[in-house]
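Those protein sequences? They're chains A, B and C, same order as listed.
Just so you know, we're using my numbering here: the first sequence kicks off at 218 and counts up by one.
Just so you know, we're using my numbering here: the second sequence kicks off at 71 and counts up by one.
Just so you know, we're using my numbering here: the third sequence kicks off at 10 and counts up by one.
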Amino acid sequence: MSNKPKKPSKFKENIKNIFLYLSRYLIMIVIVLVIFGLILVISGKNPLQSYHDIFAYTFGGWYGFSEVIVSMTPLLLTALAVAIPSRLGLINVGGEGQLYIGASFATWGALTFSNLPAWALIPLMILLGILGGALWAFLPGLFRSLGYVNETISTLLLNSIAPKIVAFLVFGFWHSPMDTNKTANFVAQARLPKLFNSRIDISFVIALLLLAAYWYIMRYSRWGLEMRAIGGNSQAAKRNGIPLSKYWIIMMCVGGAIAGLAGMAQVSGYFGVLLVNFSRGYGFMGFLISWLSFGDPIGILITTFIVSVVMTGGNLLQLTSGIPYAAVNILLALTLFVVLSRPVIFKRKTA
Amino acid sequence: MPIPASQELQEKIVFMKGITKSFPGVLANDAIDFSIYKSEIHALLGENGAGKSTLMKILYGFYGADSGEIIYEGKPVKINSPQDALRLRIGMVFQDLNLIPAMTVTENIALFLTDLPFIYKRQEIRDRILDLSIRYQLEIDPKALVSDLSIGQQQKVEILKLLMSKARILILDEPTRVLAPHEVKALFKILKRLRDDGFAIVMITHKMKEVMACAERITVLRRGQVTGNLIRSDATESKLISLMFGKQIPNLEIIEDISREFTDTPLLELVEVSTVGEGATTSLSKISLKIRSKEIVGVAGVSGNGQKELGDLVLGMIQPVLGKMFLGSQDLSKLSIRELRRRGLAFIPEHPLAMALVSYMSNLENFTLTRTKSYERNFGLKMDWEKAGVDLQECLKALGFEFPIYAPSKTLSGGNLQRLVIARELSHQPNLIVASYPTQGLDVQSTLAARKALLSARDMGSGIFLISEDLEEIFMMSDRIIVLYQGKIAGSFKPSQTDIYEVGHLMTGSEVFYVE
Amino acid sequence: MSLLSILGVLSSAIFSGTSLLYSTLGETIHQRSGIVNLGLEGVMLISASSGFAFTALTGRPYLGVLVAAIAGGIVNLIFGYLVINRKANQLASGLALMFFGFGASALIGKSSVGMKIYPLPRLSLPWIANLDVLYSSLFKFDLLIYLAIPAAFCVWWLLFKTRWGLGLRAVGENADAAYASGRNPMRIRFQALLLGGMLAGLGAAHLSIAYTMSWSEHMTAGRGFIAVALVIFSKWHPLRAIGGALLFSGAVAFQLLLQSSGVKVSPFLLDTIPYILTLLILIIWGGTRKNAAPAGLGRVYYGGQK
């Protein structure tokens with residue numbers, strides 16, 4: 218038996234890597250603060266005062282912090298929905314559509330089976346949401362592996378179709394007697410249980426579990442290795458026997474399923490009703506978050522947190538200082554611009 | 071520097087003085103002096119990686135030299151871009167041709183004309199192209215889409231492009247790489263005609279025989295330095311070899327033991343297999359062949375006549391539309407690539423980094439990619455990296471290779487990358503090895519190592535499908551040679567039954583006859 | 010279905026399709042140079058709001074159109090800085106631009122919400138004006154509409170008959186080859202983006218100043234994405250874009266016609282037809298394996314002297 222090969226000592230390197238890694242996000246936070254400050258100054262508000270308000274709200278009290286987490290939940294899921302296919306080199310911009318279809322399927326479950334007890338109805342709705350999202354991602358995945366259409370384009374087109382289907386369903390069949398643009402409120406059994414006396418529901422826990430699973434599988438499992446090979450060099454992977462089409466289709470479905478789950482969580486947990494055009498660009502936001510963190514699970518967590526603080530803060534300022542929500546969009550966009558323009562600090566890892 | 075008597079009266083148009091250029095990790099050009107006279111054919115000779123392309127790319131403005139100067143017609147000039155070079159009437163034809171497949175010949179040429187008016191007339195340009203092409207026998211249809219042309223024809227377009235943009239110094243980078251022997255002769259005739267008309271031609275090449283056939287002046291580079299500068303009458307093959315390689319003259323010959331027994335049952339059998347190629351790929355038509363254990367079958371052909379497709383067909387990347395394929399006695403076409411590999415199929419491609427490895431993964435990870443399932447534990451949740459490491463070390467030892475197994479593969483040199491692929495493919499005793507241009511672009515040592523590894527695999531029982539454009543290599547290593555032309559088998563012989571010229575003619579579909 | 014109703018559909022399609030055509034033309038130009046801008050929605054929003062706000066402020070619609078065009082050009086140049094100079098990923102940058110557009114346009118147009126403006130005046134061509142009022146009123150178009158198809162021809166001529174267009178297409182196919190021919194791919198891409206942005210601005214201007222004569226947040230309602238789909242649908246060819254734009258907006262108008270004839274189909278489902286059509290057509294071509302996209306679309310150009 219020959220000598221076992223020695224792994225080079227990695228402790229010092231690890232520390233350095235962790236530091237570099239975190240510094241990216243620290244710098245991102247600084248950028249956000251600076252830009253937001255500028256926007257506030259231009260709007261004639263005192264930035265320091267506004268920051269104080271935001272931090273007091275989000276970090277000072279439990280309710281504020283829980284609002285941040287509520288905001289994080291759908292984003293974590295849609296980011297994951299983009300990150301998983303991205304490891305294979307697939308670009309899933311269809312989070313919006315998958316979200317809506319997943320929500321629709323789950324709504325059907327809620328409305329049709331409203332007699333079931335919660336322990337049966339909720340899992341059913343989760344399953345439906347996953348099914349809907351997976352279905353909406355299956356077609357782009359199929360078309361890509363058959364070589365017909367690039368998944369970027371097909372997911373974009375399906376994005377535009379999905380909300381219209383939702384509108385059709387709501388206006389046509391499901392609308393409540395009082396409002397035509399939403400369904401009746403879901404019965405209590407159809408609502409995701411809440412945690413900690415706040416608006417956080419168990420989908421947050423599910424999201425964290427999924428993130429952890431994603432991290433483990435990519436790093437340690439055989440599938441993760443094969444997926445990384447496909448993402449790194451799909452031609453080589455194919456020649457080495459790794460089944461490309463199978464992975465493409467399955468992982469698109471997985472991504473779609475998670476986005477569908479996000480949709481289900483929105484209607485069942487957050488809103489309690491299916492509302493036409495309920496998504497505020499979560500699918501796209503998820504794409505950007507995943508892209509900014511290069512699809513890395515911990516990075517997704519951190520970036521989502523930052524984005525959610527910004528969004529929650531924006532909501533607060535809108536209520537208290539009259540700053541329009543548009544400022545949040547501008548802030549996020551500008552932050553993205555800065556990160557995208559790759560100042561040296563944000564050295565891009567290859568894949 | 072010796073110059074032929076007739077040229078003493080000629081002007082030196084270009085003098086590159088003390089050119090130095092380095093890239094991360096390598097000194098490509100080391101204080102090189104290089105001159106070009108008014109009308110000559112000047113060969114820039116050296117093996118792969120000697121710095122020839124770099125030097126000429128500096129002259130063409132693609133790179134900037136770190137130090138040194140360029141003197142043009144007696145005055146120092148700065149060439150910062152191809153635009154500057156074109157203005158000095160210097161043109162270059164690259165190895166990977168710089169044409170746009172989706173556009174026509176006319177458009178591609180028009181793109182490079184410096185005097186093109188804002189609103190240009192296509193017909194006028196077409197006429198100019200036709201005139202030139204007739205004069206220099208570079209026949210081409212100006213309306214054709216470049217994607218429909220063969221590589222030899224594309225090369226002609228490149229030359230026309232330069233002529234029409236009024237270049238008078240033509241730099242050709244490895245022009246004969248993709249040509250069959252008699253097409254090479256035709257090219258040389260064109261070059262001589264151009265030289266007679268007052269053009270200066272620099273030919274970058276590593277093929278000595280061509281240099282002897284065509285060039286008037288020869289500059290030899292080795293590892294970034296000029297090792298010699300001769301006129302043809304002073305040059306002999308052995309002198310050139312010693313200038314190219316230094317004191318050590320590598321022995322490219324591997325003595326063969328020809329008397330080998332072949333088993334009767336073939337490892338791989340193709341019966342009347344046809345495929346349909348899409349776009350630029352060639353369709354294969356009624357291919358029938360057999361490979362037996364311990365047999366090397368060499369596939370010769372000009373690039374683009376189906377060799378790559380044949381390799382991909384056996385590997386399982388392409389599906390046949392007609393005919394049957396058998397691996398042993400099993401019908402091949404039903405099997406996935408993973409299954410094929412499980413049954414002992416191995417594949418060594420021409421570009422290891424692009425086609426067989428994932429560059430940012432470690433060598434160890436890349437090693438496992440062809441048999442990931444065999445290293446998995448707990449239904450795929452874990453990988454047994456220890457065992458993989460042990461296996462890789464054993465392979466390396468057996469083959470005499472050496473490189474760190476945890477380093478990312480992209481840090482390896484070209485030769486080592488191919489060694490990694492060979493180690494991986496040859497581990498676990500494959501039955502059938504498809505080696506597709508395995509020594510292309512490799513330095514001499516790596517080429518020798520690759521060939522040695524293939525031969526020892528052969529001795530241990532593998533059958534080998536050797537696809538190569540190096541006819542010498544095919545003749546040297548094969549037990550049988552088949553020639554592909556336009557997707558069909560044009561001939562099948564033992565090496566002793568034929569010679570390079572006959573094979574060369576079959577490669578281009580012309581009648582078989584001997585050329586002087 | 011009377012002649013009047015068919016003409017009505019046609020007229021309606023022309024009205025709503027004009028902005029689509031301009032935007033598609035703009036996107037076609039810079040996609041031909043290799044740059045895909047998914048944030049076209051954001052560009053259009055910013056242009057529409059700027060043009061409208063200016064018109065509401067000054068009462069001069071033609072100048073408003075100009076302002077919109079300039080705004081579109083500027084936004085595209087910003088996008089260009091990101092993807093050309095900073096070599097950022099085009100898809101991500103485009104989506105970021107979209108968010109930027111949401112926010113910036115909301116701010117710019119805030120004070121103009123609900124305002125009425127002098128829209129672009131509508132005129133009839135002489136021989137149409139002589140027809141019965143019922144018919145001639147359908148075909149009273151503003152200047153932008155009249156110029157739309159000529160614009161498509163101009164773009165076609167620019168791309169295929171001029172030296173600049175040749176260079177631009179070369180950059181989109183193989184930027185290195187274009188560089189080797191003595192051109193500057195980065196500069197050409199910026200030019201393409203500028204022109205493309207201005208055309209998109211014209212399209213957006215038509216939407217807010219001439220067609221709806223109003224401004225509200227998100228008023229482009231996905232037209233930016235439709236335009237991106239249309240570029241592909243028309244195989245990156247400006248003349249085919251005319252047919253595509255007509256087809257897409259025709260589907261919407263067709264739905265109104267169906268409703269008025271008593272056919273009850275959900276307007277939402279009908280709205281999905283253009284997208285489904287595009288998808289189907291893409292699948293059909295994909296099956297024939299002919300890829301007409303510029304070979305270098307979406308690729309970052311790292312060229313220049315090394």
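C-beta: ideal position from N, C-alpha, C; glycine also.
Inter-residue Cα distance where the pair is residue i and residue j
i	j	result
residue 315 of chain A	residue 464 of chain A	19 Å
residue 191 of chain C	residue 174 of chain B	19 Å
residue 160 of chain B	residue 241 of chain B	8 Å
residue 236 of chain A	residue 256 of chain A	30 Å
residue 317 of chain C	residue 98 of chain C	Here chain C comprises residues numbered 10 to 315, so residue 317 of chain C is not present and cannot be evaluated.
residue 135 of chain B	residue 153 of chain B	16 Å
residue 323 of chain B	residue 279 of chain B	Confidence at residue 323 of chain B is low in this model, with a pLDDT of 47, below 50, so its placement is unreliable and the value that follows should be read with caution. Residue 323 of chain B and residue 279 of chain B: Cα-Cα distance of roughly 17 Å.
residue 66 of chain C	residue 148 of chain C	29 Å
residue 472 of chain A	residue 423 of chain A	15 Å
Residue-level contact to chain A via CB, residue i, 9 Å cutoff
i	result
residue 287 of chain C	yes
residue 435 of chain B	yes
residue 417 of chain B	yes
residue 412 of chain B	yes
residue 426 of chain B	yes
Any C-beta of chain B under 9 Å from that of residue i
i	result
residue 450 of chain A	yes
residue 249 of chain C	no
residue 138 of chain C	no
residue 104 of chain C	no
residue 248 of chain A	no
Contact check, residue i vs residue j, beta carbons under 9 Å
i	j	result
residue 431 of chain B	residue 478 of chain B	yes
residue 13 of chain C	residue 236 of chain C	no
residue 410 of chain B	residue 428 of chain B	no
residue 323 of chain A	residue 503 of chain A	no
residue 392 of chain B	residue 405 of chain B	no
residue 326 of chain A	residue 338 of chain A	yes
residue 532 of chain B	residue 419 of chain B	no
residue 361 of chain B	residue 336 of chain B	yes
residue 199 of chain B	residue 210 of chain B	yes
residue 138 of chain B	residue 101 of chain B	yes
Listed by chain order, chain B residues near residue i by CB distance under 7 Å
i	result
residue 183 of chain C	170
residue 442 of chain A	435, 442 and 453
Beta-carbon neighbours of residue i, restricted to chain A and to distances below 9 Å
i	result
residue 407 of chain B	455, 456, 457, 458, 459 and 460
Any C-beta of chain C under 9 Å from that of residue i
i	result
residue 546 of chain A	yes
residue 492 of chain A	no
residue 151 of chain B	yes
residue 291 of chain A	no
residue 173 of chain B	yes
For residue i, the residue or residues it bridges with in DSSP
i	result
residue 502 of chain B	B:415 and B:533
residue 452 of chain B	B:447
Under 7 Å by beta carbon: chain C residues contacting residue i
i	result
residue 190 of chain B	172
residue 177 of chain B	175
residue 156 of chain B	191
residue 182 of chain B	190
Interface partners of residue i on chain A, CB under 8 Å
i	result
residue 395 of chain C	Residue 395 of chain C is absent from the model: chain C starts at 10 and stops at 315.
Residue i: contacting residues in chain A (beta-carbon distance under 7 Å)
i	result
residue 123 of chain C	What residue 123 of chain C touches in chain A: nothing, since even the nearest Cβ is about 16 Å away.
residue 197 of chain C	Near residue 197 of chain C there are no residues of chain A at all, since even the closest Cβ is about 21 Å away, more than 7 Å.
Proximal residues of chain B, C-beta to C-beta of residue i below 8 Å
i	result
residue 437 of chain A	451, 452 and 453
Check: residue i C-beta below 8 Å from any heavy atom of the ligand GDP
i	result
residue 21 of chain C	Ligands displayed in this structure: none; no statement on the ligand GDP is therefore possible.
Contact set between residue i and chain C, taken where Cβ atoms lie within less than 8 Å
i	result
residue 478 of chain B	Near residue 478 of chain B there are no residues of chain C at all, since even the closest Cβ is about 21 Å away, more than 8 Å.
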